[in-house]
Amino acid sequence: MTPGRPGGLVIAHLSDLHLGAHDPDAVESVIADVAAVRPTLTVVTGDCTMRARVHQFRQARDLLDRLPAPLLVVLGNHDVPLVSGARFVAPYRRYRRLVHRDLDPVLRLPGLTALGLHSAPRWRWKSGRVTRRQGDAVVTVLGAAPAGSVRLLALHHPPRAPGLARVAGRDRLLRALAAGRVDLLLAGHTHVPASGLVRVAGTAHRLVEVVAGTATSGRTRGVGRSWTVIRVDERAIVVEERHQAGSGWAPGRTRCFPRRL
Ligand SMILES: [Fe+2]
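Spelled out as structure tokens, the structure:
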């Protein structure tokens, strides 16, 4: 069976939309490019807005409504107000009102169980954290997925980021990824697309980590705008980057990882 053919899953993974610092042409063209792959699930791993302003959340809402459903969205550090009192009094109110009321959403589809975690607490401006409760949720929600189904975890901060970007609670999360037998870990934050096989130390567990670039913002870190399509069947996980090219999008690097059931 070829990944992406009937019987397989197609996951569209976008990140760091940064509405408010976006390119309108990229917004229009990426919606069409995502729709063309007819995804089973569309995942957005945070930073929907540039500065968590209400009008930016409204622009983000409009974009999210135009992406193929079902949608799993998690909050990024840019979705928390930067310096206003709102950051400390009600840091997630705008996100919950205009994007999604659940900060740690769960989505169950035939052949796929997905969990999103919010990794941007109000007292960290850039780096992330995963709590004990969230680690437990990885084990209970994803560990209970039916045998053979794809177990997907999405969060904004890549857990293996080094230095100042290191995620607090990372070791706890990695243990939970093994205990919950997670197949796919989706993240963003860096604005640079990447993918790789993660080995969880002390266990036999392996999973595929995918970091999506920025799909629509001007903060391209010199690598341009991109999003990622992930095709999964019982044999393989195929990760294909899609890069903005002219007025459209073109295939970029593709990597194929064997799927161990
Ligand atoms: Fe970002």
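Okay, so the sequence shown: first residue is 32 according to the numbering used here, each after it adds one.
Note that the Cβ used here is the ideal one computed from N, Cα and C, for glycine as well.
Nothing here was measured: the structure is a model prediction, and the numbers come from that model.
By the Cβ rule, the stretch 58-78 does not count as touching the stretch 198-210, because fewer than three pairs are nearer than 8 Å. Per DSSP, reduced to three states, the secondary structure at residue 55 is helical. Between the alpha carbons of residue 285 and residue 269 lies a gap of roughly 7 Å. Approximately 6 Å separates the beta-carbon atoms of residue 104 and residue 130; this is inside 8 Å, confirming the contact. In terms of side-chain proximity, the C-beta atom of residue 107 is found nearer than 7 Å to a non-hydrogen atom of ligand 1. The beta carbon of residue 172 sits closer than 8 Å to those of 137, 144, 146, 211, all from its chain and outside the five residues before and after it, given in chain order. Nearest to residue 188 by alpha-carbon distance, out of 141, 107, 261, 168, is 107. With a cut-off of 7 Å, the C-beta of residue 220 is classified as near ligand 1, since at least one heavy atom of the ligand falls inside that distance. With fewer than three CB-CB distances shorter than 8 Å, the stretch 264-284 does not count as touching the stretch 85-99. With respect to the 8 Å criterion, residue 240 and residue 249 are not classified as neighbours on the basis of their beta carbons. Put simply, of 77, 93, 90 the residue whose alpha carbon is nearest the alpha carbon of residue 111 is 77. Beta-carbon to beta-carbon, residue 257 and residue 277 are separated by about 14 Å, too far to satisfy the 8 Å threshold. Looking only at 288, 280, 185, the smallest Cα-Cα distance to residue 61 is reached by 280. When DSSP states are grouped into helix, strand and coil, residue 208 belongs to the helix group.
Leaving aside the five residues that flank residue 190 on each side, the residues in its chain whose CB is nearer than 6 Å to its CB run, in chain order, 198, 201, 204. If you check the CB distance, residue 40 and residue 263 come in under 8 Å.
If you look at residue 231, you'll find it isn't in any beta strand (DSSP E); DSSP assigns it neither H nor E. Closest by C-alpha distance to residue 160, out of 192, 183, 92, is 192. Residue range 85-97 is occupied by the alpha helix (DSSP H) that includes residue 91. In this structure, residue 135 has its beta carbon at no less than 7 Å from each heavy atom of ligand 1. If you look at residue 250, you'll find it isn't in any alpha helix (DSSP H); DSSP assigns it neither H nor E. Rounded to whole angstroms, residue 148 and residue 157 show a C-alpha spacing of 16 Å. In chain order, 81, 248, 249, 250 place their CB closer than 7 Å to the CB of residue 52, counting only its own chain and leaving out the 5 sequence neighbours on each side. Closer than 7 Å to some heavy atom of ligand 1: that describes the Cβ of residue 78.
The continuous alpha helix (DSSP H) containing residue 168 extends over residues 163-168. With fewer than 16 other Cβ atoms from the protein chains shown falling within 10 Å of its own Cβ, residue 230 counts as exposed.
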